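Positions in the sequence shown are counted from 1; adding 55 to them yields the working numbering. The block underneath contains the structure these notes are about, expressed in structure tokens.
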Amino acid sequence: MTSTFVTASGTVFMFDLRSKIHRMIHQWVDEASTGGASIGSSPDGHWIACGSDSGFVNVYSSSNVIQSVHPHPDKSIANLNSRANLITFHPSNEMLCIGSSKQPAAVRLYHIHGRRVFDNFPARVGRLGVASSVAFSPGGRYMCVGQKSGRASLYAIGHYPTY
56 MTSTFVTASG TVFMFDLRSK IHRMIHQWVD EASTGGASIG SSPDGHWIAC GSDSGFVNVY
116 SSSNVIQSVH PHPDKSIANL NSRANLITFH PSNEMLCIGS SKQPAAVRLY HIHGRRVFDN
176 FPARVGRLGV ASSVAFSPGG RYMCVGQKSG RASLYAIGHY PTY
């Protein structure tokens with residue numbers, strides 16, 4: 056089991072947590088990071104996403120990251136205008152939800168294999184306030200966005216049949 060952390064400067068540390076002594080197994084720098092804001096890894100461990108203060112999110116293949124101190128991202132997502140501090144992978148490893156808790160409606164869904172951001176979310180699903188958290192249900196059918204107002208919005212993702 057590994058755990059990954061990002062610093063404000065964009066340096067990423069990976070630690071092995073399987074033993075009593077947690078040792079660092081790799082250190083690398085998020086490309087063109089203007090300040091590390093968040094980090095997340097896919098449930099299968101194949102993808103790592105790093106959010107920055109500028110709103111960019113870099114998506115890396117774990118196998119590429121391990122081989123370099125300065126890996127090149129597989130994709131740079133530039134669809135946010137403020138700090139990308141919310142990153143959550145879908146349980147199927149097919150999607151990534153990115154967001155910012157600095158602006159209203161600043162949540163986007165990115166399809167990993169299609170390498171594109173869905174243009175119909177959140178624009179066509181109603182009002183979305185300032186997000187504070189994002190989570191998917193275990194089967195991936197639902198996505199919940201917690202908002203700073205205290206409300207939560209629940210969205211059904213029709214492609215996935217189970218809770």
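All C-beta atoms in this analysis are idealised placements derived from N, C-alpha and C, irrespective of residue type, glycine included. From a predicted model like this one, the values you see are computed outputs, not experimental measurements.
{"Query": "Inter-residue CB distance, D108 and R138 (contact presumed, cutoff 8 Å)", "Result": "5 Å"}
{"Query": "Nearest-angstrom Cα separation, counted from S208 out to P54", "Result": "Because the chain is modelled from 56 through 218, residue 54 falls outside the range shown and cannot be assessed."}
{"Query": "Start-to-end residues for the beta strand (DSSP E) that takes in V162", "Result": "162 to 166"}
{"Query": "Reduced DSSP category for S118 - H, G, I as helix; E, B as strand; rest coil", "Result": "helix"}
{"Query": "Same chain, Cβ closer than 8 Å to K203, five either side skipped, listed in chain order", "Result": "S156, G184, V185, A186, S187"}
{"Query": "Of the residues Y115, A87, F70, the one placed nearest M79, counting alpha carbons only", "Result": "F70"}
{"Query": "Whether I103 touches I132 by CB criterion (8 Å)", "Result": "no"}
{"Query": "Host beta strand (DSSP E) of R78 (start-end)", "Result": "78 to 84"}
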